[in-house]
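See structure below.
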Amino acid sequence: MSRHHMMTRGVGRSVVLLTTVSLLFTGCAQAAVRLSATGQPSLSLAAPLTTLGCTSTGACITLGASGGTNAPTTVGQVRNLKGVWSALNVPPAPVAALNDAACGALTCLVGGTKEGIDLVWSINASSGAIRSLAGPAGGVVIRNLACASDARCWLLDQDSRGRTRFVATTTAGATWQAPRTLAWASNRTTAFDCTTLSQCDVATTSASHHVVLRETLNNGATWRLVATPPSWTSLSSLRCDPTCVALVTTPVGSALVYQVKSGWKTSPLSFAATSLACASSSTCVAVGHYVNNTAAMAEWKGAAVHAVSLSYVPTPLNHVACARAVCVATGVTTVVALQP
């Protein structure tokens, strides 16, 4: 994931959004600001949008692939710094899945699988140019990506023996360092984030819904456990810079949680959230759906949650990514942009 995009693992539409001042909604019912956003259809409906990333300078890309062998379809679009979307010339990708995207200042990497090996695309978010790169040797599918700059990125992939591997690049994906096997991950990673040259955080969720968060401060050489509450049943999005903000599920529903000196504080959400991204350490956006399956979005700012009123968003929102001044969310065939 990009520096500002936490995906679950991931992630993956043309829009503009308006912010208006009125009534602020928080879990404590304090007066504040009401936010609104208007969605637009994606530029192509030929395949669902499954990956999403924003550069630190404000451009965003989103892509999807049909994954079939007969007439495989890949789609993509890029949002420029003026908020205008245009189509990307995405290469064909038979038997492919696009699982995650991560961006630096100008360039994004997209990862997934294609015909049984790691798929890596490099996208110039300014020109729209796409290059196909070789992934780490022996990889069959990339699950997660993170970038701290255009050159410095990391991924989690799975090799042919089913092992989860941590791999870094300092050359924007042109070459990859030797993979480090994460025996404790065993293909259970649910969130991944790297925000400095040496710090990365990985969350895993077991089949019995036990969440474990680990952190490395030496580029994956060693990992330490980060204490988390036993009430968490999943952790699907993560941003650590250096303290962490995360999207979790608890027995009572979705919540945004953030680290403090004494542990973690919780901001409950009023909907089932699927993705979280942050524009800064104190401003994040969560998306998902309400119980009636309508799209949902909320902004977390200064430890308070503000509801976002959505228009023309016909399906649940699955992914969100943020630059410093804009956050973009996607549904299967919809894009929405919000200035947090």
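Plus 553 on top of the position in the sequence shown (first one is 1) and you've got the working numbering. All residues carry an ideal CB built from backbone N, CA and C; glycine is no exception.
**Prompt:** Beta carbon of A839, beta carbon of L788: below 9 Å?
**Reply:** Looking up residue 839 in the sequence shown gives position 286. Looking up residue 788 in the sequence shown gives position 235. Contact flag unset, no.
**Asked** What number of angstroms, rounded off, separates the C-alpha of S702 from the C-alpha of N772?
**Response** The count along the sequence shown starts at 1 and reaches residue 702 at position 149. The count along the sequence shown starts at 1 and reaches residue 772 at position 219. If you take the alpha carbons of S702 and N772, they lie about 15 Å apart.
**Request:** Taking 9 Å as the cut-off, decide whether the C-beta atoms of S679 and L686 are in contact.
**Result:** To locate residue 679, count along the sequence shown from 1; it is residue 126. To locate residue 686, count along the sequence shown from 1; it is residue 133. Here S679 is not near L686, since their CB atoms are 9 Å or more apart.
**Collapsed DSSP secondary structure at T626 in the structure displayed** = On the sequence shown, position 73 is the one that residue 626 refers to. The answer is coil: DSSP assigns T626 none of H, G, I, E or B.
**Request:** Name, in chain order, the residues that DSSP records as bridge partners for G668.
**Result:** Counting from 1 along the sequence shown, the entry for residue 668 is found at position 115. Note on residue identity: the sequence assigns Glu, not Gly, to residue 668. Bridge partners of E668: none, in fact.
**Request:** Starting from the N-terminal side, write out each stretch of the alpha helix (DSSP H) that is 4 residues or longer and does not extend beyond the stretch 706-788.
**Result:** Taken in chain order, the whole alpha helix (DSSP H) runs of length 4 or more contained in the stretch 706-788 number zero.
**Item:** Y865, buried or exposed, once every other Cβ within 10 Å from all chains shown has been counted against 16
**Value:** The sequence position of residue 865 within the sequence shown is 312, counting from 1. With fewer than 16 Cβ atoms within 10 Å of its Cβ, Y865 is classed as exposed.
**Message:** Helix, strand or coil for N677? Go by DSSP, reduced to three states.
**Reply:** Working through the sequence shown from its first residue, we reach residue 677 at position 124. DSSP, reduced to helix, strand and coil, places N677 within a strand of the structure shown.
**Message:** For R684, list the residues DSSP reports as bridge partners.
**Reply:** On the sequence shown, residue 684 is found 131 positions in, with the first residue counted as 1. Paired residues: S675.
**Request:** Could you pull the start and end residues of the beta strand (DSSP E) that T883 belongs to?
**Result:** The count along the sequence shown starts at 1 and reaches residue 883 at position 330. Looking at the DSSP string, the run of the beta strand (DSSP E) that includes T883 is 880-883.
**Request:** Tell me whether the beta-carbon of T591 lies closer than 9 Å to the beta-carbon of L863.
**Result:** For this step, residue 591 is matched to residue 38 along the sequence shown. For this step, residue 863 is matched to residue 310 along the sequence shown. Going by beta carbons, T591 and L863 fall inside the 9 Å limit.
**C-beta contact flag for R741 and T728 at 9 Å** = As a working mapping, residue 741 is identified with position 188 in the sequence shown. As a working mapping, residue 728 is identified with position 175 in the sequence shown. Contact: no.
**Prompt:** Between F824 and L605, what straight-line distance do the alpha-carbon atoms span, to the nearest angstrom?
**Reply:** For the purposes of this step, residue 824 is taken as residue 271 along the sequence shown, with counting starting at 1. For the purposes of this step, residue 605 is taken as residue 52 along the sequence shown, with counting starting at 1. Answer to the nearest angstrom: the Cα atoms are 21 Å apart.
**Prompt:** So, A849 versus G841, is the Cβ gap smaller than 9 Å?
**Reply:** Mapped onto the sequence shown, residue 849 falls at position 296. Mapped onto the sequence shown, residue 841 falls at position 288. The answer is yes: Cβ separation under 9 Å.
**Asked** When DSSP labels each residue in this structure, what does Y843 get in the three-state scheme?
**Response** The residue labelled residue 843 in the question sits at position 290 within the sequence shown. In this structure, Y843 counts as coil in the three-state DSSP scheme.
**Cα-Cα separation between K814 and S820, rounded to whole angstroms** = Residue mapping note: residue 814 aligns to position 261 of the sequence shown, counting from 1. Residue mapping note: residue 820 aligns to position 267 of the sequence shown, counting from 1. Approximately 16 Å between the Cα atoms of the pair.
**Prompt:** Could you give the C-beta distance for A654 and T626, rounded to a whole number, given that I count them as a contact under 8 Å?
**Reply:** Taking the first residue of the sequence shown as position 1, residue 654 is located at position 101. Taking the first residue of the sequence shown as position 1, residue 626 is located at position 73. Taking 8 Å as the upper bound for CB-CB distance, A654 and T626 are not in contact here, some 18 Å apart.
**Message:** Run through the DSSP bridge pairs and tell me what L809 is partnered with.
**Reply:** To locate residue 809, count along the sequence shown from 1; it is residue 256. Residue pairing by DSSP places L809 opposite L800, S820 in a beta bridge.
**Message:** Using a 10 Å radius around the Cβ and a threshold of 16 neighbouring Cβ atoms, would you call K818 buried or exposed?
**Reply:** For the purposes of this step, residue 818 is identified with residue 265 of the sequence shown, where counting begins at 1. An exposed status is given to K818, since fewer than 16 other beta-carbon atoms sit within 10 Å of its beta-carbon.
**Request:** Rounded to whole angstroms, what's the CA-CA distance from W853 to S834? Just pull it up for me.
**Result:** Position 300 of the sequence shown, counted from the first residue, corresponds to residue 853. Position 281 of the sequence shown, counted from the first residue, corresponds to residue 834. Rounded to the nearest whole angstrom, the CA to CA distance from W853 to S834 is 10 Å.
**Message:** Does V663 pass the burial test, meaning 16 or more other C-beta atoms within 10 Å, or should it be called exposed?
**Reply:** Here residue 663 corresponds to residue number 110 of the sequence shown, with the count starting at 1. Under this definition V663 is a buried residue.
**Request:** Could you spell out where the beta strand (DSSP E) holding G606 opens and where it closes?
**Result:** Against the sequence shown, residue 606 aligns to sequence position 53. Segment 604-607, the beta strand (DSSP E) holding G606.
**Request:** Within 10 angstroms of the Cβ of A760, are there 16 or more other Cβ atoms? Answer buried if so, exposed if not.
**Result:** Residue 760 sits at position 207 when you count from the first residue of the sequence shown. Answer is exposed; the Cβ neighbour count stays below 16.
**Message:** For a quick check, are the C-beta atoms of L891 and V861 less than 9 Å apart?
**Reply:** Here residue 891 is taken as the residue at index 338 of the sequence shown, counted from 1. Here residue 861 is taken as the residue at index 308 of the sequence shown, counted from 1. A contact, by the Cβ cut-off of 9 Å.
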